[in-house]
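So for the sequence shown, the working numbering puts the first residue at 386; every next one is plus one.
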Amino acid sequence: MTFRGWPSEALEFYDGLQADNSKTYWTAHKAVYEEQVRVPMAALLADLEPEFGPGKIFRPYRDMRFSADKTPYKTAIGATFGDAYVQLSAAGLAAGLGTYHMDRGQLQRYRNAAAGERTGRDLERVIAAVRSNKIDVHGSDSLKSAPKGYPADHPRIELLRHKGLIAWKEWPVAAWLGTSEPKKRLTTFLRDSRPLSDWLDQHVGPGTEARR
Numbered sequence: 386m387t388f389r390g391w392p393s394e395a396l397e398f399y400d401g402l403q404a405d406n407s408k409t410y411w412t413a414h415k416a417v418y419e420e421q422v423r424v425p426m427a428a429l430l431a432d433l434e435p436e437f438g439p440g441k442i443f444r445p446y447r448d449m450r451f452s453a454d455k456t457p458y459k460t461a462i463g464a465t466f467g468d469a470y471v472q473l474s475a476a477g478l479a480a481g482l483g484t485y486h487m488d489r490g491q492l493q494r495y496r497n498a499a500a501g502e503r504t505g506r507d508l509e510r511v512i513a514a515v516r517s518n519k520i521d522v523h524g525s526d527s528l529k530s531a532p533k534g535y536p537a538d539h540p541r542i543e544l545l546r547h548k549g550l551i552a553w554k555e556w557p558v559a560a561w562l563g564t565s566e567p568k569k570r571l572t573t574f575l576r577d578s579r580p581l582s583d584w585l586d587q588h589v590g591p592g593t594e595a596r597r
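Here you go:
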């Protein structure tokens, strides 16, 4: 099945779920989720797989065991493909590429490379190049102060404070979501963000936790 976009019913489904995140709503609209939300996402992942790798759609149910928020359903459909992430919600489409959370070994390798004169400057150039394509690059779970062992006046202290680093792009709701245009925009985003992913692959590498 070729991806042809998400119909308006997909966005309406998430509008309704935000207003009524209950089993009653979910049961009454489950067919809409399966046919108008999940099936197009699966088709999109299949179309992207030849260039970016196989995809996996996340379960629509929230893990409430350790959360104060007991609403049972996610208000977005999310999926990974290769080392990227994509989601659709009532707000529109979003995509990310990079390492959202680094484990201890990854974090040490990242900081060593970000602090290094050559590798650190390479990272600055990569981030500037990605941002020149109107893509946000930001850290996650960042420290408020310098990490242990690094001076507060290090020229790349902002990068050193991050525990994750990702490229991120959001597109608000528009008529093109109902066409094949999301595939084109995601492809462009992934190609333009690839230098950041390549730098992370080379200098940080895989960890024990999956990349998002």
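Yeah, the Cβ is synthetic: ideal placement off N, Cα and C, and Gly gets one too.
Within its chain, find whatever has a CB closer than 7 Å to the CB of Ala-500; leave out the 5 residues flanking it on each side and keep chain order. For the purposes of this step, residue 500 is taken as residue 115 along the sequence shown, with counting starting at 1. Closer than 7 Å at Cβ, skipping near neighbours: Tyr-535, His-539, Arg-541 and Leu-545.
Helix, strand or coil for Thr-456, going by three-state DSSP, please let me know. For this step, residue 456 is matched to residue 71 along the sequence shown. Coil.
Can you tell me whether Pro-580 is helix, strand or coil according to DSSP? As a first step, residue 580 is located in the sequence shown; it is residue number 195 there, counting from the start. DSSP places Pro-580 in helix when its eight states are reduced to three.
Use the C-beta contact count for Thr-446: other C-beta atoms within 10 angstroms, 16 or more gives buried, fewer gives exposed. One-based indexing of the sequence shown puts residue 446 at position 61. Inspection of the sequence shows that residue 446 is occupied by Tyr rather than by Thr. Counting Cβ neighbours within 10 Å, Tyr-446 comes out exposed, since fewer than 16 surround it.
What is the residue span of the beta strand (DSSP E) that Ile-551 lies within? The residue labelled residue 551 in the question sits at position 166 within the sequence shown. Taken as a continuous stretch (DSSP letters only), the beta strand (DSSP E) holding Ile-551 covers 549-557.
Can you grab the Cα-Cα spacing for the pair Ala-464 / Lys-568, in whole Å? On the sequence shown, residue 464 is found 79 positions in, with the first residue counted as 1. On the sequence shown, residue 568 is found 183 positions in, with the first residue counted as 1. So the two alpha carbons sit approximately 14 Å from each other.
Does the pairing of the stretch 389-402 with the stretch 424-440 give three or more beta-carbon distances under 8 Å? yes
Mind checking Ala-595: buried by the 16 CB within 10 Å criterion, or exposed? Position 210 of the sequence shown, counted from the start, is the residue given in the question as residue 595. For Ala-595, the predicted model reports a pLDDT of 45, less than 50, meaning its position is unreliable and no value from the coordinates is stated.
According to DSSP, what are the bridge partners of Asp-521? Position 136 of the sequence shown holds residue 521. In the DSSP output, where bridge partners are listed per residue, Asp-521 has Trp-553.
If contact is defined by three or more beta carbon pairs under 8 Å, each pair taking one atom from either stretch, is the stretch 500-515 in contact with the stretch 457-474? no
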